[in-house]
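So for the sequence shown, the working numbering puts the first residue at 6; every next one is plus one. Backbone N, C-alpha and C fix where the C-beta goes; we use that ideal spot for every residue, glycine too. Just so it is clear, the structure is predicted and the values come from calculations on it, not from any experiment.
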Amino acid sequence: MPELPEVEVVRRGLEPALTGATITSVDVRDERSLRRHDSVRGSFADGLTGRRIDSAVRRGKFLWFPLDSGEALVAHLGMSGQVLLREPGVDDRHTRIVFTIEHPRHGELRVNFADQRIFGGMAIDALVPTEDGYAGGYAGMTTALPTIPTQVAHIARDILDPAFDVPRVIDRIRLRRSVIKRALLDQTLISGIGNIYADEALWAAGVHGEQTASRMSRTRIAAVLDAVASVLDKALAEGGTSFDAQYVNVNGESGYFAHSLNAYGQAGRPCPRCGADIVRESFMNRGSHFCPRCQRRH
6 MPELPEVEVV
16 RRGLEPALTG
26 ATITSVDVRD
36 ERSLRRHDSV
46 RGSFADGLTG
56 RRIDSAVRRG
66 KFLWFPLDSG
76 EALVAHLGMS
86 GQVLLREPGV
96 DDRHTRIVFT
106 IEHPRHGELR
116 VNFADQRIFG
126 GMAIDALVPT
136 EDGYAGGYAG
146 MTTALPTIPT
156 QVAHIARDIL
166 DPAFDVPRVI
176 DRIRLRRSVI
186 KRALLDQTLI
196 SGIGNIYADE
206 ALWAAGVHGE
216 QTASRMSRTR
226 IAAVLDAVAS
236 VLDKALAEGG
246 TSFDAQYVNV
256 NGESGYFAHS
266 LNAYGQAGRP
276 CPRCGADIVR
286 ESFMNRGSHF
296 CPRCQRRH
């Protein structure tokens, strides 16, 4: 599943093309991609046609595009969703929704929402005030308002969000009786982290994922969060992690962070730090990858 860097790469690619653009037409080819859309809000296509997009915002793995109607177009990529910028008339395999937009500088463009497995989707949603009064999410070159879609309001801020409150998050993690990796994956504590970047951050911090969060010192947890930020920044610089053709940016190009992985997917290979073999153990119906020498259980 795409994690924060992959979704942020998409947001950054869409931002200059969509900000200030008007949606001139919407073609829904597969209603399954509208499972998140509440029919009470009316027709998805009718609710978007003629609307201006004010910005492109992200919190964790969610994207949304505030509209001049006061609502927002919300997108979640699921496991295989792609939002692709194309010239008019250009199609893509597994395209579920097609938007035609008119931008004041770039002219007419096409946006294809493609999703092979159809676990992602789009919806029109109401915007509500944020609890802390800060911008709802990360908006890059534009200023995000202190509002957030109702479908995203339960998601915590991510570590790259300017309003991310490190001391508060450390306090909340230390209240958990669960292990530190489970805490990192809890989107109500800190959003945007999935299995790949949790394993990479824990390796970078030298912390075993099965260490009980409540028994860790504030300094140790802070080191883990620092490692998370560093790993995510590096992944962003390399365009995210692409293991197959499903993980691409808005131009259909793959990211290169898979070539920089130190722990995730490296079972049986030597640890880049100490040379011991990286091991893989089952964790929450997935795998944990770590160095048994550098990341000892305490």
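- Note on geometry: alpha-carbon atoms of I185 and L90 lie some 38 angstroms from one another.
- If you check the CB distance, T27 and I123 do not come in under 8 angstroms.
- DSSP places P275 within a strand segment (E or B) once states are collapsed to three.
- S196 and H108 have their C-alpha atoms some 32 angstroms from each other.
- For F49, the three-state secondary structure derived from DSSP is helix.
- Distance from the CA atom of T155 to the CA atom of A22, rounded to whole angstroms, is 25 angstroms.
- Minimum Cα-Cα distance from R298 among the listed residues S287, G292, H213 corresponds to H213.
- DSSP links A80 through a beta bridge to L68, M127.
- Closest in C-alpha terms to R37, from the list G126, P151, R285, S293, comes G126.
- DSSP places P167 in the coil class of the three-state scheme, outside both helix and strand.
- According to the DSSP secondary-structure assignment, R291 is paired through a beta bridge with F288.
- The three-state reading of DSSP puts D231 in helix, counting H, G and I together.
- Cβ neighbours of A206 within its own chain (closer than 6 angstroms, five residues either side excluded): A232, V233, V236.
- Judged by their CB atoms, G142 and R64 are nearer to each other than the 8 angstroms cut-off.
- Ranked by how close their Cα comes to the Cα of M84, the residues E8, S293, T152, A203 have E8 in first place.
- Between the region 163-178 and the region 216-230, the count of Cβ pairs shorter than 8 angstroms is three or higher; the stretches touch.
- Residue environment: P167 is assigned as exposed (fewer than 16 neighbouring CB atoms within 10 Å of its CB, all protein chains considered).
- Taking the Cα of E136 as reference, the smallest distance to any Cα among D120, A149, I153 is reached at I153.
- Excluding sequence positions up to five before and after R181, its CB lies within less than 7 angstroms of the CB of A188, A218, S219, all in the same chain and listed in chain order.
- Counting C-beta atoms within 10 angstroms of its own C-beta, M221 has 16 or more neighbours from the protein chains shown and is therefore classed as buried.
- Under the DSSP assignment, E20 falls outside any beta strand (DSSP E), being part of the alpha helix (DSSP H) whose first and last residues are 9-23.
- Per DSSP, the beta bridge partners of T105 are S30, R115.
- Relative to Q121, the option among P10, E13, K239, R34 whose CA is nearest is R34.
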